[in-house]
Amino acid sequence: MVQLPDSVFIESTETSFVEKLFKDEPIPPQDGLYGIRNSGTKTSKVLVVWDTSIGKARNYRLFEENGCIFLESELTFPNLSALIEHYHCHPLPHHGSLCLQKPYSRTLSF
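Just so we're aligned: the sequence shown equals residues 1 to 110 in UniProt numbering.
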């Protein structure tokens, strides 16, 4: 089970704010760096994932329905950790080979 640090949950509704957090780290954002922000229009959350091929973040709305969470209705998960774990190993919908790699954390430790 994937352990998500509290810092992965970003108190913002703006993708630009999340991108700035990613870019303000001491090293450039890596492919698959991700955070979870609030949606500006819905009560749901949005998965924000850095894509180095375009030099910016991509957004994936997290849907919740009937006790399940999903990005696409064909593939549902019992909880957020299960969804994150799946997309660590499988490409995100509609974007070729982009997978989740590392949750955003304010302090990078090596």
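Virtual Cβ for every residue (Gly too), placed ideally from N, Cα, C. Keep in mind it's a predicted model, so treat the numbers as computed, not measured.
Touch test, the stretch 84 to 98 against the stretch 16 to 27, Cβ-Cβ under 8 Å, three pairs minimum: no
Burial state of L100, where buried means 16 or more other Cβ atoms lie within 10 Å: As a working note, residue 100 is residue 100 in the sequence shown. Under this definition L100 is a buried residue.
Beta-carbon gap between V48 and V2 smaller than 8 Å: As a position in the sequence shown, residue 48 is number 48, starting the count at 1. As a position in the sequence shown, residue 2 is number 2, starting the count at 1. No, Cβ-Cβ distance for V48 and V2 is not below 8 Å.
Candidates P78, Y104 and D51, of which the one nearest H94 by Cα: Counted from its first residue, the sequence shown places residue 94 at position 94. Among P78, Y104 and D51, the Cα nearest to that of H94 belongs to D51.
Alpha carbon of G32 to alpha carbon of L98, nearest angstrom: Within the sequence shown, the letter at position 32 stands for residue 32. Within the sequence shown, the letter at position 98 stands for residue 98. Approximately 7 Å, taken between the alpha carbons.
Segment limits, beta strand (DSSP E) that includes V49: To locate residue 49, count along the sequence shown from 1; it is residue 49. First-last of the beta strand (DSSP E) with V49: K45 to D51.
Nearest to G40 (by Cα), restricted to the options N79, E72 and S16: For the purposes of this step, residue 40 is taken as residue 40 along the sequence shown, with counting starting at 1. Per the Cα distances, S16.
Whole-number beta carbon distance between S73 and S7, since they are thought to touch under 8 Å: Walking along the sequence shown from the start, residue 7 turns up at place 7. Walking along the sequence shown from the start, residue 73 turns up at place 73. Contact doesn't hold; Cβ gap of about 29 Å is too wide.
Pick from S44, K56 and S53 that is closest to L71, judged by C-alpha positions: Position 71 of the sequence shown holds residue 71. Closest by alpha carbon: S44.
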